[in-house]
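S.K.: Residue numbers (our numbering): 14 to 143. All residues carry an ideal CB built from backbone N, CA and C; glycine is no exception.
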């Protein structure tokens with residue numbers, strides 16, 4: 014669990030939030046979540062690396078799409094770029110290693126697979142995708 018504190022935050026409110034979060038974790042309660050459905054375009058100009066996922070998984074494009082769409086993903090944390098969600102819960106058969114040579118630019122809105130996680134680029138990025 015990661016907490017960050019803004020310098021203008023009320024310390025007492027922040028302590029209550031942390032205590033409540035720890036109580037949820039220690040008592041085995043399920044934290045509040047919400048389901049967000051995100052439309053994704055696959056293949057053609059929208060998924061030039063889908064064949065690469067197929068090389069590692071042994072699946073055809075249709076099977077890859079079906080498996081990727083059927084998951085319920087949990088956002089583990091927001092990462093290297095503001096708003097970039099590192100999401101777990103992906104079907105392990107889709108596991109694909111990172112590119113050996115990172116792309117110079119990954120377009121905004123791209124869905125990436127790296128290892129056993131998937132993510133969405135909220136902005137164009139200089140980092141690598143799949």
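Over the uninterrupted beta strand (DSSP E) stretch that includes residue 99, give me the two end residues.
M.R.: First-last of the beta strand (DSSP E) with residue 99: 98-101.
S.K.: Please list the terminal residues of the continuous alpha helix (DSSP H) segment that includes residue 69.
M.R.: 63-70 is the extent of the alpha helix (DSSP H) around residue 69.
S.K.: Along the chain, where does the beta strand (DSSP E) containing residue 82 start, and where does it finish?
M.R.: From DSSP, residue 82 is part of no beta strand (DSSP E) but of the alpha helix (DSSP H) over 74-82.
S.K.: Excluding the 5 residues flanking residue 89 on each side, which residues of the same chain have their C-beta closer than 6 Å to its C-beta?
M.R.: Same-chain partners within the cutoff: 99, 101.
S.K.: Between residue 70 and residue 106, is the Cβ-Cβ spacing less than 8 Å?
M.R.: Yes, these two residues count as a Cβ contact at 8 Å.
S.K.: Between 84, 51, 29, 128, which has its C-alpha nearest residue 135's C-alpha?
M.R.: Residue 51 is the option with its Cα nearest to residue 135.
S.K.: For residue 141, which three-state DSSP category applies?
M.R.: Reliability of the predicted coordinates at residue 141 is poor, the pLDDT of 46 falling under 50, and the value obtained from them is presented with this limitation in mind. Looking at residue 141 - three-state DSSP - the assignment turns out to be coil, as it is neither helix nor strand.
S.K.: Rounded C-beta distance between residue 74 and residue 63? I'm assuming under 8 Å.
M.R.: The pair is a contact, with the Cβ atoms about 5 Å apart (cut-off 8 Å).
S.K.: To the nearest angstrom, how far is it from the Cα of residue 114 to the Cα of residue 122?
M.R.: Distance between the alpha carbons of residue 114 and residue 122 is about 21 Å.
S.K.: Could you tell me the boundaries of the beta strand (DSSP E) in which residue 8 lies?
M.R.: Residue 8 lies beyond the residue range present for the chain, which begins at 14 and ends at 143; the question has no answer from this structure.
S.K.: If I'm right that residue 129 touches residue 108 with Cβ under 8 Å, what's the distance once you round it to whole angstroms?
M.R.: Correct: roughly 5 Å between the Cβ atoms.
S.K.: Check the DSSP bridge columns for residue 90 and list the partner residues they point to.
M.R.: Note: residue 90 sits in a beta bridge opposite 99.
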